[in-house]
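**Q** First to last, the sequence lines map onto chains A and B. Residues 1 to 254 (our numbering) are what the first sequence spells out, left to right. Residues 1001 to 1419 (our numbering) are what the second sequence spells out, left to right. Backbone N, C-alpha and C define an ideal beta-carbon position, used for all residues, glycine too.
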Amino acid sequence: MLKINNLHASVEQKEILKGLNLDIKPGEVHAIMGPNGAGKSTLGFILSGREGYEVSEGQVEFNGEDLLDMAIEERARKGLFLAFQYPVEIPGVSNMAFMKESVNAIREQRGETPLTATEFLKKAKEACKQVQLSLDFLKRGVNEGFSGGEKKRNEIMQMILLEPSLCILDESDSGLDIDALQVVANGVNSQRDGKRSFIIITHYQRLLDYIKPDYVHILANGKVVKSGDASLATDVEKEGYAFLGQDNAEETNA
Amino acid sequence: MSQWLKQVIDRGQAIDDWLSPLRAQALEALGNTKWPNRRVESWKYTSLAPLEQLELSPSTTAGKAIIEDIEGLNSLDLIFVNGKLQSDISLLSLPQGLHISSLLDASDKQQNTANALFAKIKPQRHLFGLVNDALAEDGLIIDIDANSKIEQPIRIVNISSDGQESHHRVLVRLGSHASATVIEHGQGEQASLSTGFAEYDIGEQAYLEHYRLAMHTHQAIHIGGDHFSLQQKAQLNSTLIAYGSELSRMDVDIIHNGEHAKAKFNAIYLLGEAENFDLHSTIEHVMPNGTTKENARGIVGDKAKAVFNGRIHIHRNAQKTLAELHNRNLLLSRRGQINTKPELEIYADDVLCAHGATVAETEEETLYYLLSRGISRSQALVMLNFGFIQELVEQMPNQHLAQWLKPQLHSRFVEMEVK
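1) Would you call the segment 1381-1394 of chain B and the segment 152-167 of chain A touching, i.e. three or more CB-CB distances under 8 Å?
2) According to DSSP, is residue 1331(B) helix, strand or coil?
3) In the structure shown, what three-state DSSP assignment does residue 1033(B) receive?
4) Going by beta-carbon coordinates alone, are residue 1313(B) and residue 1273(B) separated by less than 8 Å?
5) Are residue 1103(B) and residue 1138(B) close, meaning C-beta to C-beta below 8 Å?
6) Mind listing which residues of the segment 1236-1255 of chain B have their C-beta closer than 8 Å to chain A's C-betas, in chain order?
7) On the criterion of 16 or more Cβ atoms from any shown chain inside 10 Å, does residue 170(A) qualify as buried, or is it exposed?
8) Rounded to whole angstroms, what's the CA-CA distance from residue 1367(B) to residue 1147(B)? Just pull it up for me.
9) Could you give the distance in angstroms between the alpha-carbon of residue 1233(B) and the alpha-carbon of residue 1140(B)?
10) Whose Cβ in chain B lies nearer than 9 Å to the Cβ of residue 90(A)?
11) Would residue 82(A) pass as an interface residue toward chain B - the criterion being a Cβ-Cβ separation below 8 Å?
12) Any C-beta of chain A sitting closer than 8 Å to the C-beta of residue 1378(B)?
13) For residue 1106(B), which residues of its own chain have a beta-carbon under 7 Å away from its beta-carbon, when the five flanking residues on both sides are left out?
14) Would you say residue 57(A) and residue 21(A) are within 8 Å of each other, going by their C-beta atoms?
15) With a threshold of 8 Å on Cβ separation, who are the neighbours of residue 1008(B) within its own chain once the five nearest residues in sequence on each side are excluded?
16) Buried or exposed, going by whether 16 or more other CB atoms sit within 10 Å of the CB of residue 122(A)?
17) Residues of chain A with CB under 7 Å from residue 1391(B), in chain order?
18) What residues are listed by DSSP as bridge partners for residue 1197(B)?
19) Take residue 1193(B) and list the residues in its own chain whose beta-carbon comes closer than 7 Å to its own, dropping the five residues that flank it on each side.
20) Extract the residue ranges of the beta strand (DSSP E) inside the segment 72-118 of chain A, only unbroken runs of 3 or more that lie entirely within it.
21) Quick check: the segment 59-74 of chain A against the segment 218-237 of chain A, are there 3 or more CB pairs under 8 Å?
22) Whole alpha helix (DSSP H) runs in the segment 1089-1145 of chain B with 4 or more residues, listed along the chain?
23) Whole-angstrom Cβ separation of residue 1210(B) and residue 1236(B), contact assumed at under 8 Å?
24) Whose CA, out of 98(A), 205(A), 242(A), 145(A), lies closest to the CA of residue 1381(B)?
25) Quick one: what does DSSP say residue 234(A) is sitting in, helix, strand or coil?
26) Work out the CA separation of residue 138(A) and residue 1286(B) for me, nearest whole Å.
27) I'd like to check one pair, residue 1188(B) with residue 1161(B): are the Cβ atoms closer than 8 Å?
28) Which of the three DSSP states, helix, strand or coil, is assigned to residue 1081(B)?
29) Counting only Cβ pairs nearer than 7 Å, list the residues of chain A close to residue 1299(B).
30) Quick one: Cα of residue 248(A) to Cα of residue 1265(B), how far?
The following block contains the structure:
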């Protein structure tokens, strides 16, 4: 599904990723943990195609194709989805119009007929209920005036509607209370079907109590420094990132 | 003195009707007016050259015009073609409390109403307002009795056609506790000149919902104004929609003449190709406890040029005024131009005022968000930039009008975007 090989990337001439490797097969859930500044969010942005990131070395293959060569919207249409840590507010564009446009762009790519307004509304209502947002949220401007938790749930709602093959969740747990965390986790779990893959980027182990990962990777100083199964997350929770050693700690503080 | 102005005065002096005594003052003022050039602040960014180059004859012919119905609006339509009223007012079934007459055949009583309004609310400083004073022979007097709530919107349309010059005037009085909706809608594409000025006296606790649709394009020159006087506790909700043409200019004055008056003024302008649009607004807080909210937003593409000058003047006596003015612009092209100037002039010490003006290009982060959901770049630009305008369209109290406008603004925007 996704193969990252020796990825080096920088932003404003500062190297953030320094030889990152990752191999994700269909149906797998990978958690990426690590201290602040390790490059976790950068990874999500680079995979989704955000501008301003310079890839100097390495390759990323997505379903056998060169991901880095694709435009942002092309990646999304081919099944990559990033749930943002800080989704932007777009007053004046209704959530509903935005999601309909998005769903139909992706359906077109798959050779499916666009949904009519009625068909879309039905699906949107279901997804809205699933993430426990009231239906008013469909009518409001995209993320406009939403609380932190509502924004995260809105991201999960989009994920459910877009049916991507690879979902990247960038700190979807940050700033959530326990109820909202469960809503997010249930949303993710409902989409696990043995084929769809997930990258869960998180600082804390908390979310992984609800979404059980197949693999956990510790990202520090731009590289995967340790990989293991779900128990690795529990170790990190107990002992912190201290085991990464002095070198990495310095980088992190810089 | 310019040739153009000289012939206006000559023609104005030749008119002999019941408005002549009222025109005298304007004619005198015009005689002392210098033709504006770029050194005159109020015309600094807008050239009058296209006007001087036009060869026009004062309108003599007036064809029948068919205007588009606005679904669900159910308006009382008053249609002018080249400044001449085509509608037969006597055929309209006017609701109780609403009196409409043409300037041409006003009764004595209506002339009295007109006398109290004509050039009384519109400040003298507007050059083309004076031209309109001198030359407007046709127009409307709309008088609404105290306590009358007029549900049916009054829609005034003026269509300019090729080679024609026209001047029309609208005078509206809302009695105390009255309410009404007035839509002024102008359109034209071919080489023409129209001036259209309206004066509104909004009585105590009266409410006016107002729309000005200045939809002149291409060679149709339009210069107009809306001037509102608000009495105690009066309320105004006004929306201006403007396209651009070779020369298009609007002057808006909102004057708080009574305490506790509330005014909301939204303006939207969408300009493409080599279009020009110039909006000058002045809010005068003469009395205390008034509220004003003004929001002007524009999108400028290609080689188009927008001018916004928004002034709020808070007089010494106008304590406890709340006034806000915001102008936001989006520039779609490097060749486009936006000249914006908000001005605050405050002489009272206990007031709350805010103003601001921005010119922006599309925000990368927002664009990225839409692209990351599979939406194409061109569609994302339409959604984002149009959303900025849509917000104000949705604030229009009349949803039928908003529904009618949305697809038009949208397709105009899409055209601007692709060029």
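**A** According to the structure shown:
1) no
2) strand
3) coil
4) no
5) yes
6) none
7) buried
8) 50 Å
9) 26 Å
10) 1366, 1369, 1370, 1383, 1384, 1387
11) yes
12) no
13) 1114, 1141
14) no
15) 1030, 1131, 1134, 1135
16) exposed
17) 91, 92
18) 1169(B), 1225(B)
19) 1051, 1054, 1056, 1165, 1221
20) 80-83, 90-94
21) no
22) 1108-1117, 1127-1135
23) 7 Å
24) 98(A)
25) helix
26) 44 Å
27) yes
28) strand
29) The premise fails here: residue 1299(B) is roughly 12 Å from chain A at the closest Cβ pair, so nothing lies under 7 Å.
30) Legend: pLDDT at residue 248(A) = 47, less than 50; position of this residue unreliable, value from coordinates given subsequently. When rounded, the distance between both Cα atoms is 57 Å.
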